[in-house]
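Using our numbering, you'd call the opening residue of the sequence shown number -18 and step up by one each time.
Just so you know, even glycine gets a beta-carbon here, dropped at the ideal spot from N, CA and C.
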Amino acid sequence: IGVPVNTIRRNVRTSFTTRAIALFGFLLKSKKKQRSTEDSDHDS
């Protein structure tokens, strides 16, 4: 396979960055969910 190493490295880096961004967004969402559940508990 004649794929340059630079391209592979770039793909790995972009995939890693995308995964990190997705994970960060997931953590943010879970935090918001926890906060909303706490608010509902306060309401009750």
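How many Å lie between residue i and residue j at the Cα?
i, j, result
"Thr(-5)", "Leu8", "20 Å"
"Val36", "Phe5", "Nothing in the structure corresponds to residue 36, since the chain is present only between -18 and 25."
"Thr(-2)", "Gly(-17)", "25 Å"
"Lys10", "Thr(-12)", "33 Å"
"Arg(-10)", "Ile2", "18 Å"
"Lys12", "Asn(-8)", "30 Å"
Within its chain, find whatever has a CB closer than 8 Å to the CB of residue i; leave out the 5 residues flanking it on each side and keep chain order.
i, result
"Arg0", "none"
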